[in-house]
Structure formats: C-alpha cells, structure tokens
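Single-structure report; data block below.
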Amino acid sequence: MRNSNTNNWRSTALIAGAILTAGVVTTTSTTDVHADNSQNNAQVSNGQVTYDQVRATADQQLAQLQSANDSKEAQQATANEQSNAADLAQTNAQIDQLKASHAALEQEQAGAIAQAQASTAASIEAQTSAANAEYQQQINAQQQNEATQRAANDQQYAQAVSQAAENQQAVADINAQYQQALSDAANTQTSQAQAAANNYNSAVAKENDTYQGKLSAQKATNAENIKNAEASLASVTANANKPYEVATTNDVAVTGRVAKPQTDVKVPAYVTKYGIHLEVRGYNGAIPVSDYTYPEFANTYYGEYPDSAVITNKAAESTPHDISEMPLDFQPGLLSYDAKNDHSEKVSADGLTADQVQVLRALALSWENGFRNNVFKNYREFYNVVNKNDGFVNVAPVDLVSTDFTDNIANQVVANRTKYNVDNNSHTVKDSGMPTEATYSSIINNATQNLQKSLTSEFNGKTVYTDVNENLTTMQAGTPTLLNYAINLYNSMQGMYYGELVNPTHIGGHAVNLLRAGVRTVGIGFQKLTDEMTAKNGSGVSDRKNPSYAVTFDHIGFNINHDANLTKEVQNRNVWGTSSVDAQLNTIKTAQYHVNKVPGTKMVTPTATDVQKATASEQQKLADVKAQAQQSLDALASSHQANLNKLEQQYNDAKAQVKANYDAAVTKAASVRDAALKATGAVDLQAYKAQLDSAYQNLVKADQVAAQKLAADRDAKIANIKKTENAKLDAKINELVPSIDPQIKQLQDQHQAVIAHGDAVLAELKAENKAAYNKLAEQFNVQLAAIQQREDAKRANEVRLANNTVVLPSAVKVANDGNVDTVAFPTTSNPLQAETTGRVQTVSAPSIVKTATQTPIAVAPVVTTVNHAAENTVKSNESSAPVVTQTAAVAATTNNGTQTSVASTADNKATKADNSEKSVVKADTVAKKQTPAKKSESSQKVDQSSMSIVALAATALLGTLGITYSSKKRHN
C-alpha cells in the first residue's frame with residue numbers, strides 16, 4: 001500500500017484497496033403459525049413454552065400501553081394546569097384593570113357624586129318636613145273635630161238643663177258658673193298651646209342654626225382633607241412615572257474558534273510522484289472528474305492523503321489548535337495540522353488512555369452522524385439509492401449513538417483482533433485467521449440475541465432484518481498529541497466516506513454501510529498496532545515512532561419489515577444502552593459556543609400598570625378621605641334630624657298635656673255643675689249626660705285609631721321618600737361610575753368554565769385509556785386460557801412409568817387430516833433443546849420414550865432467509881415452526897451499483913475492495929439443506945439396563961398394545 005512521506009494514513013478502499021468494507025445482513029423471518037392449521041398428527045408439544053411466550057408478550061404490551069396511557073394523562077394534566085394558570089393570570093389581570101379603571105372614574109366623578117349626595121339629603125329633609133306638617137294638620141283637624149263635638153254635646157246638655165229648670169234661677173246660676181269654668185278652661189288651653197308652639201318653633205330655629213354652623217365647619221374640614229389627599233396622590237403619581245434604574249444580567253454569547261474544512265487543497269507533488277489521478281477505479285474504467293455529480297467530492301478525494309504536509313496551500317482557518325476547535329459536523333474538506341500551534345494533551349508512548357479513546361469516539365460518532373445528515377439533506381439521491389429497498393426513501397435517518405453497550409462490543413472486537421494478530425488491512429472476520437466465535441458478527445449476535453428474540457416475538461408475522469456491518473481505517477500521528485490523532489482520523493474518514501460518494505450509481509461500500517438507515521448504534525474500537533503489523537508492506541504507517549491504530553466501526557441495527565415507522569419506533573426505544581460520549585461532546589460544544597451572564601443596569605419606564613400599583617395605596621387613601629367626608633356630613637344630617645324629631649315629640653307631648661289639662665278642667669266644671677243641679681232638686685240629667693259622653697268617647701277612640709294609621713302612613717311615606725331618593729342617588733352614582741361587579745362575575749365564571757373543560761377532557765382520556773387497557777388484557781386472558789385448556793387436555797393421555805413416559809391412544813383414532821393441534825418449539829440457547837427444535841412425531845400406538853440416556857437429534861428445519869439488498873425471499877415449508885436464522889453477508893458493490901447479500905458459510909471468505917480488481921462478489925447459496933448421515937448404531941440400540949427398570953411393570957401392557965421404541969435420526 002502506498003504511503004506519503006510524512007503521512008500516517010493509508011489510502012481509501014476504492015482507490016488503493018486498503019480500507020475494507022464488511023457487512024452482515026441478518027434476516028429474521030417469522031411466520032404466524034397457529035396450533036390448529038400446521039403439522040398433521042403432531043403430538044409432541046411443549047405447552048409451557050407457548051404459554052410463557054404469550055404471557056411475556058401480554059406483560060410487555062400491557063406495560064407499554066400502561067406507560068403510554070400514563071404519559072398521555074400526565075401530558076393532559078400538565079396542559080390543564082398550564083392552561084388554568086394562564087387563564088387565571090389573564091382573568092386576574094383583567095379584574096385588576098377593571099378595578100383600576102373604576103377607582104380612576106370614582107376619583108374623576110367625586111365632585112359630581114358629592115353634589116348628588118348633598119342634593120339627595122336636602123330633598124329628603126324637605127319632603128320629610130312636608131310629610132310631618134301634613135300629619136300634624138290631620139291631627140289638628142281631629143282635635144278640632146273633637147272640640148266641635150264636645151261643644152255640641154255641651155250645648156245639647158245645656159239646653160236640656162235649661163229646659164228642665166229654666167225657671168229656676170239656681171239652674172241659671174249654676175250653668176253660668178259652668179260656662180265661666182268652660183271659658184276659663186278654654187282660655188287656659190289656648191294660652192298653654194300657644195306657649196308650647198312658641199317653645200317648639202324657637203327650639204327648631206336654634207337647632208337649624210346649630211346644624212348649619214356644624215355643616216359649614218365640617219365641609220371646610222372635608223375640603224381641606226380631600227385637598228391634602230389629592231396633593232399626596234399627585235406627588236406619588238409623579239414619582240411613580242419617573243424612569244428608574246434596575247440591575248440586570250445580560251446573556252453574552254461566546255463563540256469559540258472552530259476549524260473549517262478546506263475543499264481546494266492541492267498536492268501536486270504527491271500526485272506527480274505516485275502517478276495517482278482523480279478518478280475512481282473499478283467501475284468499468286475511469287470516471288472523469290467532469291462526471292462527478294458534485295465537484296467538491298473530487299477535492300475531498302485528497303482525503304486519501306490526510307497528512308497536511310502534502311497540502312501545498314494550507315489555510316489558517318482549516319488548522320485547529322486544540323481538540324475544542326475540531327468541527328463536530330462533517331462537511332466535505334480536509335483539515336491541516338500545525339505542530340507549533342498544537343495545545344492539546346500529549347499521548348504517551350504506551351498509547352491512548354481510556355479518556356482519550358472516549359474523546360476520539362465522541363468525535364468519530366459526531367462525524368458519522370454529520371455525514372449521514374449532510375448526505376440526506378444536500379445529496380438526497382445518494383441516500384435514497386442505498387435505502388431504496390429498505391423503506392427509508394426520503395425518510396431522515398435517526399442519529400447513531402455510542403453507548404456502554406457498543407463500547408463493550410468495540411472493546412471485545414479490539415481484544416479479539418489483538419489476540420488473533422489481525423492487522424489494519426483485515427476485517428474482524430473468519431478469513432482473517434480467527435475462529436467464527438471471535439468475529440465481529442458473532443460478538444454482535446451474542447450481544448443482541450435477546451433483543452432480536454424479543455423483536456421477533458413482538459413482530460410476529462413480519463420480517464425483522466438485522467443490519468450489521470464493519471468499516472475499517474488506520475489512524476496515526478507524526479506528533480504524539482491527541483489533536484494530531486484527531487485530525488488524522490478526520491481526514492481518513494473524509495476519504496473513507498465522501499471519497500466513495502461519486503454519483504447515484506457508484507457508491508463505495510464504506511459509504512453504503514454508514515448510510516444504511518437501519519443502523520442505530522456504532523461500536524468504535526481502537527486497536528493498537530504492533531511493530532510487526534506496521535512494518536508490513538502496505539500497512540500505510542510511515543511514522544512508526546508513535547503508536548498507530550486500526551479503527552473499527554461496527555454498526556448495529558434492525559429494520560422492521562422495511563417499514564420506516566416501525567423501524568424508527570424500535571430505534572428510539574431505550575434498549576441500546578447509555579451514551580458514553582455525552583460528556584466529551586458537551587465539553588467541546590461548550591468551548592465552541594456558550595453564554596456568559598454579564599451584570600449591568602438599565603432604565604425602566606414604568607407602565608400604566610406599574611403606576612397603578614405604585615399609587616394604589618394613595619388612591620385608596622383619597623377614596624377613604626372622600627368617604628369619611630361624606631360619612632361626617634351624613635352623621636351631622638342624621639343627628640340634626642334626630643334632634644328635630646325629639647323637639648317635635650316634645651311639642652306633641654306638650655300639646656297632649658294642654659289638652660289633658662283642659663279636659664280635666666271641663667270634667668271638673670261639669671262635675672261641679674251636676675252636683676249643684678242635683679242639689680237644687682232639678683231633674684236627673686245624668687243619663688242624658690252619659691249618653692252624650694259616650695258618643696264623644698267613641699269619637700275620641702275612632703280618632704285615636706285614625707291617628708295611629710296616619711302616623712304609620714307618615715312613617716311609610718318618609719321611608720319611601722328616603723328609599724326613592726337614595727335609589728335615585730344610587731342610579732346617579734352608577735351612571736357617573738358604573739358598577740364593575742357583573743363584569744368581574746362574568747370573568748370568574750369564564751375561568752371556572754375553562755377549569756371544568758380541562759377536567760372533563762382529562763376524565764374522558766382516562767376513561768378511554770382504561771377501556772383500551774382492559775380490552776387488551778381480556779384478549780390476552782382469553783388466549784392464555786385457550787392454550788392452557790388445550791395443553792391440559794393433551795397431557796391427559798400421558799402416563800409416567802418409572803423413568804419413561806407412556807402415551808396412551810386416544811379414545812377415538814385421529815385421522816391424519818391436518819386438524820391435530822400442534823405447538824412448535826421456538827429456538828433456544830440450550831444445546832440439547834436446540835437439537836430437538838422442529839422435531840415432529842406421529843404416534844399411532846403407545847410408545848415408551850427413553851428420557852434419561854438418549855440424545856434426540858432434530859431434523860434440520862428448512863430456514864427462511866431474506867436477502868436484505870435484493871429483496872428475494874425463500875419461504876420455508878409451511879408446516880415448519882417459526883425459526884430465527886442469520887445470514888452474514890459482506891457488503892460489496894457490483895458493476896451496476898446494487899448491493900448483493902453473500903451468505904456466511906463455514907468456509908466463507910471476507911470480501912474487501914482492491915485498487916486493481918472490480919468490487920464484484922458473486923452471490924452464494926443463501927441456505928443449504930443438510931443431508932442425513934448414517935444412523936449411529938449406538939442410537940439404534942435400546943439401553944437394556946434402562947429398559948429393565950420398567951420391564952416388570954409394563955410387560956403385559958407392551959405385549960397387549962404392541963408398544964415400540966421411538967429412536968431419533970441425526971441429520972447433518
């Protein structure tokens with residue numbers, strides 16, 4: 001293999017044949033076999049295996065469904081909480097805005113409200129005085145009517161007296177005296193009534209003067225208090241509107257230096273020396289540069305000379321100075337190396353440390369993902385050609401991961417390569433001088449067998465393809481630093497991948513392996529080469545003073561039935577291990593870009609909301625002052641009205657006393673008169689007098705009832721006056737400052753509706769999820785019950801005799817019509833069990849099967865193998881049980897650019913590209929049916945000593961039923 005003078009890397013697979021491509025495409029075909037329509041007369045079954053498989057599938061699917069349901073419910077609950085919180089914040093903000101607007105409007109209309117309140121108080125006072133005056137007039141009218149009635153009664157009684165004793169001077173004198181007494185009583189009543197009225201009017205006038213004085217003083221105090229509160233509010237408002245300075249933390253992005261790959265590199269001296277030109281050999285002749293679909297790939301072809309010493313036009317921007325400046329994407333182009341500006345850590349003579357290996361793994365993983373994504377995004381036809389038969393045309397690939405799982409695989413590959421002395425020109429395959437179990441495909445199959453079995457069971461009836469392949473390159477460094485190794489590996493991978501990407505019909509094997517969308521993980525191994533290896537001709541290692549490495553890329557993945565959605569779902573499961581390179585990648589990413597927090601200040605202009613919050617207290621104080629002012633006025637008016645009512649009551653009491661005095665004087669005069677008349681012997685006028693008095697008392701009682709009603713009417717009228725006037729005042733105030741309570745109530749009701757809607761959606765989702773879970777569980781329960789019932793019925797005909805099993809004949813002979821229930825054995829890791837896989841016996845008479853000493857060998861089943869690339873499927877006999885087989889194939893490129901899967905047999909030879917021969921590999925037989933060997937004499941013999949164990953117990957039965965021994969045939 002050709003080397004550059006100072007280059008530590010060997011040329012790419014397509015040009016110089018040094019980098020090899022090995023791919024294994026393993027196909028797992030599963031056929032949906034039911035116990036009621038397969039193998040005729042098959043009575044050898046294992047119900048527990050079938051039951052456990054269904055049970056495991058049920059547990060897995062129910063757990064997955066429950067997990068998915070919990071996730072959806074948690075997401076809905078979170079969405080509800082976020083929606084409720086956002087709506088509550090919006091509702092509170094709207095309510096606060098309403099309150100602020102209402103307070104501002106109250107302040108604006110304060111004068112008009114005070115005027116309306118004063119007007120209402122005056123109106124109530126005037127109407128109340130009018131109602132009291134009207135009531136007093138009605139009472140006076142009653143009293144006048146009573147006086148008139150009393151005078152009439154007196155006149156009638158006087159007439160009666162006069163008529164009875166008109167001739168008697170004594171009667172005249174008595175009546176004269178009586179009349180004089182009445183006149184005196186009336187004069188006294190008039191005098192006292194006038195005195196009471198004068199006292200009342202004087203007291204009312206004094207009370208009114210006192211009230212007006214207090215009212216004027218209180219209004220002045222109120223005006224001063226309101227003025228002070230308004231001035232304080234104005235001062236606070238002015239301060240709240242002033243811009244102010246606050247401390248801030250600014251995000252300052254820091255972008256580190258990242259080397260940019262150089263695409264116009266020139267190495268004329270190297271090309272001239274070795275006579276190498278920019279064409280691809282192996283494709284029916286040379287393809288000119290002008291035929292390249294993308295010209296930049298031609299420049300990248302210099303990737304086969306990664307040592308920057310051969311580049312004559314080095315660009316400073318393409319020369320990293322530390323690991324942190326290495327690009328993480330993988331655009332076409334090469335990097336240069338400058339030992340004088342290398343600030344990376346040293347690599348000892350013993351080679352890379354474990355930490356340094358992880359850094360290189362992280363970089364290589366990022367570059368492989370960068371290549372896949374860049375080709376898919378910008379050179380889609382290349383990607384589609386590779387995946388045209390895999391269901392991933394125009395479907396973006398999932399990023400590869402490097403995990404503890406793949407690290408173990410890579411480390412085992414390195415260990416095996418070292419153990420069997422495999423050099424950097426040979427893949428980890430049997431042809432390189434290692435046993436089958438040491439090859440990379442065997443290592444991967446052992447590591448993934450449980451996952452493969454799980455997927456085969458899960459996707460029963462679908463084809464599960466195993467995507468496994470290996471890429472190989474060499475890494476070395478002229479200067480023993482981590483950066484020199486990294487640049488060398490970067491440039492090597494440029495040639496290995498972009499160097500093989502020529503046009504849609506000619507894609508090299510390394511690029512094909514990496515572009516397969518079915519692969520999900522990559523194990524990247526670093527095998528330290530021995531001096532013997534590096535000294536070989538064609539090793540590609542020129543600087544042997546520092547350790548050199550063979551770098552293996554073992555890609556692993558599964559393609560589910562060529563269905564991109566199913567495949568991606570499996571790829572995104574948590575079954576590939578834990579990433580082992582996140583810390584290294586994050587360190588490089590942080591160095592290339594991070595954000596610093598820088599303290600600072602800024603001026604903030606208060607918003608209307610800020611001002612409102614800052615002045616809310618002062619606004620409330622102003623409102624309180626105004627409310628207190630009105631309350632003080634209301635208190636004065638109330639006290640004034642109480643005093644007037646008290647004076648009125650005193651006046652009414654005085655008038656009542658005057659009347660009582662008058663009535664007492666009249667009663668006394670009448671009594672004196674009657675006594676005098678009686679003494680004169682005149683006729684008895686007592687009965688007549690009682691009649692008149694009774695009529696008068698009836699009138700007084702009626703007037704008292706009427707007076708009570710008049711008082712009640714007056715009080716009701718005054719109450720109605722206050723109610724009406726206050727209602728007008730409230731309406732006026734509401735007109736000036738409309739109430740916001742209905743709007744607040746509406747906003748709160750709307751928020752409660754949002755909460756109720758979210759609760760209803762979550763409840764409905766939980767009900768649907770529960771129903772789906774119960775339905776799936778019921779389906780599995782029915783299936784498991786049917787399997788258990790069927791197998792219990794089968795075991796009913798089996799009898800154990802010592803160390804043997806006797807299968808008794810059924811009550812009714814079963815015809816060989818294909819309707820006998822069968823259960824096929826799945827594959828197993830147990831060697832003895834594996835040999836019996838697929839064995840079918842037809843038992844027409846009871847048999848004794850020797851279980852302790854015989855070694856049953858199963859007839860080899862006809863396998864189902866699917867060619868991953870060509871899509872040719874060879875189906876097995878429909879009666880065979882579902883089996884899992886693997887066919888290893890080395891990825892190669894044919895003349896027409898299509899990929900062919902080559903079966904891995906016992907003497908399979910690895911295929912590698914060469915610079916002088918076409919990379920065409922003939923497809924071998926995909927599967928071979930083994931021919932039966934001669935029966936072993938020992939297997940045909942019956943162990944007589946074992947037979948003797950049951951001879952005594954079964955002699956009669958054997959003779960009667962004709963039991964025969966069933967021996968197993970071995971097939972090779």
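So the sequence shown is numbered by the working numbering: it starts at 1 and just counts up by one. Note that CB positions come from ideal geometry on N, CA and C, so glycine has one too.
- Residue nearest to T406 within the set K621, V570, T521 and S318 is T521 (criterion: CA-CA distance).
- Rounded to whole angstroms, A126 and I755 show a C-alpha spacing of 55 Å.
- The beta carbon of L633 lies closer than 8 Å to those of Q117, A118, A121, L215, Q218, K219 and N222 in the same chain, with the five residues before and after it left out.
- Cα atoms of N425 and N250: separation of roughly 55 Å, rounded to the nearest angstrom.
- Here D52 is exposed, its C-beta having fewer than 16 other C-beta atoms within 10 Å.
- Going by DSSP, Q527 is part of the beta strand (DSSP E) stretching over V519 to K528.
- When the Cα atoms are used, N239 and D610 turn out to be separated by approximately 11 Å.
- Restricting attention to Q476, L762, N369 and G523, the CA atom closest to the CA of I443 is found in G523.
- For G509, the three-state secondary structure derived from DSSP is helix.
- With distances taken between CA atoms, D624 lies nearest to E106 out of K72, A77, E106 and L62.
- It is roughly 27 Å from the alpha-carbon of I174 to the alpha-carbon of Q192.
- F553 sits in a strand when the DSSP states are folded into three classes.
- Counting C-beta pairs closer than 8 Å gives three or more between the stretch 317-330 and the stretch 358-372, which meets the contact rule.
- Note that the C-beta distance between V570 and I560 is below 8 Å.
- For A253, the uninterrupted beta strand (DSSP E) run begins and ends at Y244 to T255, by DSSP.
- The residue from Y485, Q189, K709 and Q179 with its alpha-carbon nearest to that of L363 is Y485.
- Less than 8 Å divides the Cβ of T248 from the Cβ of K602.
- For the pair of segments examined, the stretch 193-205 was found to touch the stretch 647-656: the number of CB pairs separated by less than 8 Å reaches three.
- By the Cβ-count criterion, P261 is buried, with 16 or more other Cβ atoms from all chains shown falling within 10 Å of its own Cβ.
- Counting C-beta atoms within 10 angstroms of its own C-beta, D582 has fewer than 16 neighbours from the protein chains shown and is therefore classed as exposed.
- The residues N416 and Y420, in chain order, have a CB closer than 7 Å to that of A438 in the same chain once the five nearest residues on each side in sequence are set aside.
- In the DSSP assignment, T439 falls outside any alpha helix (DSSP H), carrying neither H nor E.
- Counting along the chain, N572 sits inside no beta strand (DSSP E), nor does DSSP assign it H or E at all.
- E798 carries a strand assignment under DSSP once its states are collapsed to helix, strand and coil.
- A direct Cα-Cα distance of roughly 14 Å separates L455 from D467.
- Taking every protein chain shown into account, the CB of R380 has fewer than 16 other CB atoms within 10 angstroms, so this residue is exposed.
- Spanning the alpha carbons of D674 and L699 requires a straight line of approximately 23 Å.
- For Y465, there is no enclosing alpha helix (DSSP H); the enclosing beta strand (DSSP E) has its first and last residue at T463 to M475.
- 8 Å or more divides the Cβ of A695 from the Cβ of N132.
- Of the residues Y383, I487 and L472, the one whose Cα lies closest to the Cα of A339 is I487.
- Going by beta carbons, G557 and V519 fall inside the 8 Å limit.
- Under the three-state reduction of DSSP, M326 is assigned to coil, being neither helix nor strand.
- Looking at V171, A103, L622 and F459, the one whose alpha-carbon comes closest to that of T680 is V171.
- Given a length threshold of 4 residues, each whole run of the alpha helix (DSSP H) inside the stretch 326-394 is given here in chain order: 354-378 and 380-386.
- By the Cβ test, the stretch 701-709 is in contact with the stretch 141-161, since at least three Cβ pairs between them sit closer than 8 Å.
- Straight-line spacing of the CA atoms in N804 and E791 works out to 20 Å.
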